[in-house]
Structure formats: C-alpha cells, structure tokens
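Below: the structure, in structure tokens.
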Amino acid sequence: MNLSPDTWIMLVAIIAAVSCGLVGTWLVLRQNAMLGDAISHSVLPGLVLAFLISQSRDVLPMVIGAGVMGLGTAWLTEMLGRTGRLYRDAALGIVFTLLFAIGVILVSIYTGQIDLDQDCVLYGEIAYAPWDRIAVGSTDLGPRSFWILSGALLVVVLFSALFYHQLMVTSFDPALARAVGVNERFWHYALMTVVSLVIVAAFESVGAILVVAMLILPSATGKLISHRMRPLVVTAIVVAIVTAIGGVELADRVDGSIAGAMTVVGGVIFVLVAITSRLIQRHRQRHEYEAATTTQLQAPGDSAIRG
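In the numbering used here, the protein residues as written are 149 to 455.
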C-alpha cells in the first residue's frame, strides 16, 4: 500500500480516536470514565510481563497481558469498594497508581531489553507509525499500528452491535437487568476486556496518559449534545475524526506531539460545545419562563371575559 507517511499518520490517528471514542461512550454512559483511566495505566505491567514471557511484541501476548491486568483492576476496585470502608474513587486511585508504578519500575529496569521508554509509555508517538510496517513475503501491507487499530475498531463495532441491548440495559438500569436475567457483572467485565484491547491497540500511538482523553472527550462531547444513544455515538465519531485531523494539523504547525495536539483539539471542542449547549439551555429556559409568564398574565383577562 503505497501511501505517503503523512497519509498513514492521519489514518492511524483517525482510527485510534474513533475506536477509543466508541468504547468510551459506554464508559461515560455507565459513569465509569475514570475506570478507563485506571485501566490505561494499570495495563502497563501486563504489557511488560507479556513481553518478558513471550519475548515478542505480537498482538496476542500483549492483549492477554493487558486483559488480565485490566480485569484485575476492575475486580480489585470492586473488591475494595465492597468492604464498605473505602469509597469507589479511593479504591480506584489506590489500584491503578500501584499497578502503574509497578509498570514504570519494570520499564525502567528492562529498558535495555524492551523497545519502550517512559516517554513512549506516557505519550506515545503516532509519527513513528509509518515506519513500523507489516510485510507478507514481498508485499508491503502498511504500518503495523494501522492494522492493529483497525482490528480493535472492528471488535468494538461488533461488540457494540451484537450485544447492544445487554449493554444498554446494564448501563441504564442494572436493577432491571438483574430482574430479566441479564448478568450485569459478566457484561461489566466483558466491556472492561474490550476497553483493555483498545487501550493496548492505541498504546503505541497515544500513550497511557493521552489515551484517557481519547476515551472520554469524544463521548463526553456527544453527551452534551444528546442523551439518546444513536445521536451520541454519531457525535462521538464525528468529534473523534475532527479531533484526529485537527490534532495532526496542529502538531505539524507547532512541531509538537501529535497525541498531545489531538488532546488539545478535543479539549477545545468540548469546551466550545459545553459553552454553546449552556447558552442554548439558558435561552430555552428564558423562553419557557416568558411563555409561562405570558400565560399567567392572560389568564385573569380570559376569566373576566368569560364572566
């Protein structure tokens, strides 16, 4: 596939943003956005251990390592929260900071053996994507990250489409889910597995910290515009694409980090939408108040005429 490096960078950025934005929609709906933050940090020791055991950066061992740590994060957080002595946010903070610290120590110890460093772990770099390519025989298939992220996006789309009703009922009404026999805990852990997969796929491109913004910003922006699922998803996809394109262009102009620029663009879009939605809400409330006041003022006159 003979595309220019700039085109590949743009494609990788778009796919990374869209895949994170789609799975992030479920996290925002479930009010579990910060669990995505926790998983994005806590998968680090799983990635390092998977590499040390397999001596390979292949997708399968990385996904297994990250999946185990992602599920472990969700399980440990719930276990600590059920003790009744810790609030859920405190348990989440303890688990993910501990696991992330272990991962950073492992990276620093084995830096000489692993093609990772702290900057790569924290920030990632999409600009390097076009040079790490996959070839079958003499056929160049393109950047490795493009295919990994495309596979993750396909998994997210299929997971959301095939199990839409289960995810919806467990997201909006867990009590109803239990009443109709839907296993809420199973779908929670299934979603966390998919989140872990997307985080691993986006890890090299946007890093452990900035992947959080990609998970939350598009879907949070969509939620400001609509509370219905389908418009929310469409908005999240559009915002993710605009964020990726704008971020790549901004990074090119300022000669900075692409992932960082994407986060800035996403943040600016969120702020603009938040301000606009607030102004629209105030205008609507003022209009409703004026309409109600007019109705009340007209009521006595109508009564007198009828009398």
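The beta-carbon is built from N, C-alpha and C at its ideal position, and this holds for glycine as well.
Fair warning: this is a prediction, and the values are worked out from it, not measured in the lab.
- Rounded to the nearest whole angstrom, the CA to CA distance from residue 383 to residue 235 is 33 Å.
- Note on residue 365: 16 or more other CB atoms within 10 angstroms of its CB, so buried under the neighbour-count rule.
- Cβ neighbours of residue 411 within its own chain (closer than 6 Å, five residues either side excluded): 358, 361.
- In the DSSP assignment, residue 290 falls within the beta strand (DSSP E) that extends over 287-291.
- A residue is called buried when at least 16 other Cβ atoms come within 10 angstroms of its Cβ; residue 277 meets this threshold and is buried.
- Per the C-alpha coordinates, the member of 273, 214, 304, 209 positioned closest to residue 175 is 304.
- Beta-bridge partners of residue 283 (DSSP): 288.
- For the pair residue 323 and residue 343, the Cα-to-Cα distance works out to about 24 Å.
- Take residue 216, set aside five residues on each side of it, and the residues of its chain with a beta-carbon closer than 6 Å to its own are 194, in chain order.
- Its Cα nearest to that of residue 255, the residue 197 stands out among 177, 246, 197.
- For residue 192, the enclosing alpha helix (DSSP H) starts and ends at 181-202.
- Spatial neighbours of residue 422 in its own chain (CB-CB distance under 7 Å, excluding positions within 5 residues in sequence) are listed in chain order as 372.
- By the C-beta criterion, the segment 173-190 is judged not to be in contact with the segment 153-161, since fewer than 3 inter-stretch pairs fall below 8 Å.
- Judged by their CB atoms, residue 189 and residue 248 are nearer to each other than the 8 Å cut-off.
- In the structure shown, residue 329 adopts coil according to DSSP, grouped into three states.
- Contact between residue 191 and residue 222 does not hold, since the beta-carbon distance rounds to 12 Å and is not under 8 Å.
- Annotated as distal: residue 161 and residue 416, with beta-carbon spacing of 8 Å or more.
- Of the residues assessed, residue 414 falls on the buried side of the cut-off, its CB having 16 or more other CB atoms within 10 angstroms.
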